[in-house]
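Per the numbering used here: the sequence shown = residues 5 to 145.
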Amino acid sequence: MPISIPPTIEKIPEIASLPPSTRTDMLADANAPGPWRLWLYNGSRGLITTVILIWLGHDAVYRDLPVIASMLVIATLLATTTFLWHFWTITRIRGRIRAGIAAAAVNDRTPICLRCGYDCATIEADACPECGAGLFVSPRG
5 MPISIPPTIE
15 KIPEIASLPP
25 STRTDMLADA
35 NAPGPWRLWL
45 YNGSRGLITT
55 VILIWLGHDA
65 VYRDLPVIAS
75 MLVIATLLAT
85 TTFLWHFWTI
95 TRIRGRIRAG
105 IAAAAVNDRT
115 PICLRCGYDC
125 ATIEADACPE
135 CGAGLFVSPR
145 G
């Protein structure tokens with residue numbers, strides 16, 4: 005199964021099929037930031053990480069590089085660190101959303117597939133028709 009990282013939290017497949025009020029409550033419970041805050045937060049963390057990496061590696065790497073090459077290294081570092089912070093943030097919030105869905109399971113059966121996000125509320129099968137994952141969670145206790 006390919007890993008997909010949506011650009012905003014609202015595009016996470018686990019919550020895409022939920023009604024807006026439920027989606028809002030679930031995102032609030034997961035402490036999910038809005039799209040502007042998400043990208044400003046991850047972009048600033050990426051920029052700070054890049055500055056730290058440049059400062060630490062200046063004497064070893066960047067001093068002997070031509071200007072264009074060092075600019076390319078800096079741009080690559082900035083893009084990579086911003087993506088990694090975004091990946092970590094989305095994965096963390098997605099885990100909280102999945103835990104919330106599993107905790108709200110009725111008769112230990114989740115209404116949404118925890119693997120692919122398919123809306124399984126209207127089907128009677130024990131497995132997701134989209135990816136084949138089981139729809140039952142272990143009993144809470």
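The beta carbon of each residue, even a glycine, is placed where N, CA and C say it ideally should be. Here the structure is a predicted model, which means the values were calculated and not measured.
Neighbour-count burial assignment, ASN111, 16 or more Cβ in a 10 Å radius:
By the Cβ neighbour-count rule, ASN111 is exposed, with fewer than 16 other Cβ atoms within 10 Å of its own.
Report buried or exposed for TRP89, applying the criterion of at least 16 other Cβ atoms within 10 angstroms of its Cβ.
buried
Is ASN46 near THR86, with beta carbons less than 8 Å apart?
yes
In terms of residue numbering, what span does the alpha helix (DSSP H) encompassing ILE97 cover?
71 to 107
Which residues does DSSP pair with ASP123 in a beta bridge?
ILE116
Please classify GLU128 as buried or exposed, where buried requires at least 16 neighbouring CB atoms within 10 angstroms.
Here GLU128 is exposed, its C-beta having fewer than 16 other C-beta atoms within 10 Å.
Going by the DSSP bridge assignment, what does GLY61 pair with across the sheet?
In DSSP, GLY61 forms no bridge with anything.
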